[in-house]
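Report on the structure given below.
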Amino acid sequence: MSGHSKWNNIKRKKEKTDGARAKVFTKIGREIAVAVKEGGANPASNSKLAALITKAKANSVPNDNIQRIIKRAEGGDKAEYEAMTYEGYGPGGVAVMVETLTDNRNRTAANMRHYFDKFGGNLGQMGCVSFMFTQKGVIVVDLEDKDPDELMMDALDAGAEDFDAGEEAAQVTTTPENFTAVCDALQSKGYSFISADVAQVPATTTTLTDPDQLVQMGKLLDALDDDDDVQNAWHSLENEEDLDR
1 MSGHSKWNNI
11 KRKKEKTDGA
21 RAKVFTKIGR
31 EIAVAVKEGG
41 ANPASNSKLA
51 ALITKAKANS
61 VPNDNIQRII
71 KRAEGGDKAE
81 YEAMTYEGYG
91 PGGVAVMVET
101 LTDNRNRTAA
111 NMRHYFDKFG
121 GNLGQMGCVS
131 FMFTQKGVIV
141 VDLEDKDPDE
151 LMMDALDAGA
161 EDFDAGEEAA
171 QVTTTPENFT
181 AVCDALQSKG
191 YSFISADVAQ
201 VPATTTTLTD
211 PDQLVQMGKL
221 LDALDDDDDV
231 QNAWHSLENE
241 EDLDR
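Structure follows, in structure tokens:
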């Protein structure tokens, strides 16, 4: 899962193939399992788990699957994963922040370096781009048959920080702490989510105009998305809709 969660191309992202959906399910499942092992199986007392359950449901992961993953992790699933974050720059100086869960840090580190080198980027040191990002709850709401002004009021009343509407979808931004509460409030009013996640949002963005750099950036993000160890690839590209993905 990549991007900085703009709604302008979110409709296209929603139309995933079955294979892409299966990969998303697997990655979210791994995150849920790690969250259960770290903080317990009760989402009421494990805010990270609660946020991941919301994310899973927004990505159409069946509730039975979610509960099965939680029970398996609670029962002592032997799989052990380590959270590792990699930072660097893509083509044209686009900041990229990659969150991984890995059972082999040497393999993952080698893969990350390979992807950045192959597709015109540079893998940097820890902290080289993370200062450009702020963690936010990002909820993309389907506006079909919905009034944007009413959604804005409902979102702000529920504790949202910001609101931005397009023609087909709207983006609601929250603090990480308010993410689950705002999601619950909006769902209780009948709103449908295209995506919902606690994301790394860039303070400033970079626009690529060079066609070759756009091609390379798309290939870099595809390679990261296709890697089983990569959970999220956040970036500062402004015009993601110009990528051929």
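FYI, UniProt numbering numbers position 201 of the sequence shown as 201, with every residue one higher than the one before it.
Glycine is no exception: its CB is placed at the ideal position from the N, C-alpha and C atoms.
The beta strand (DSSP E) that contains residue i, what's its start and end?
i	result
M217	Careful: M217 lies outside any beta strand (DSSP E), inside the alpha helix (DSSP H) at P211 to D226.
E102	Checking the sequence, you will find Thr at residue 102 rather than Glu. A95 to T102 is the span of the beta strand (DSSP E), which, as asked, contains T102.
F133	F133 to D142
From residue i to residue j, what distance separates their C-alpha atoms?
i	j	result
T205	P211	18 Å
F193	N111	33 Å
I28	E150	31 Å
V129	Q200	11 Å
S5	E74	Only weak support is given to the placement of S5: the predicted model assigns it a pLDDT of 46, under 50, and the question is left unresolved by the model.
N63	T26	14 Å
Give the secondary structure of residue i by DSSP, where H, G and I count as helix, E and B as strand, and everything else as coil.
i	result
P176	coil
T54	helix
D197	strand
E241	helix
D164	strand
K27	helix
K48	helix
Y191	coil
L123	strand
Using a Cβ-Cβ cut-off of 9 Å, state whether residue i counts as contacting chain D.
i	result
T175	Chain labels in this structure do not include chain D; a single protein chain is all it has.
Which same chain residues end up closer than 8 Å to residue i when comparing Cβ atoms and leaving out the 5 residues on each side of it in sequence?
i	result
N122	G88, Y89 and F116
V198	A51, K55, Q135, K136, G137, V138, P176 and F179
Ends of the alpha helix (DSSP H) at residue i?
i	result
Q67	N63 to E74
E82	Looking at the DSSP string, E82 is not in any alpha helix (DSSP H); the run it does join, the beta strand (DSSP E), is E82 to Y89.
Beta-carbon within less than 6 Å of residue i's beta-carbon, same chain only, minus the 5 sequence neighbours each way: which residues are those?
i	result
M152	F163
G120	P91 and Q216
A58	F193, S195 and A196
If I measure Cβ to Cβ from residue i and keep anything under 7 Å in the same chain, skipping five residues before and after, which residues do I get?
i	result
D222	R245
(message) Within 8 Å, do at least three Cβ pairs link the region 138-148 to the region 233-245?
(response) no
(message) I want to know whether the region 130-141 touches the region 183-199 - three or more CB-CB distances under 8 Å.
(response) yes
(request) Report yes or no: do three or more beta-carbon pairs, one from the region 98-110 and one from the region 211-230, lie closer than 8 Å? (result) yes
(request) Evaluate contact between the region 118-134 and the region 40-55, counting only Cβ atoms and requiring at least three cross-stretch pairs below 8 Å. (result) no
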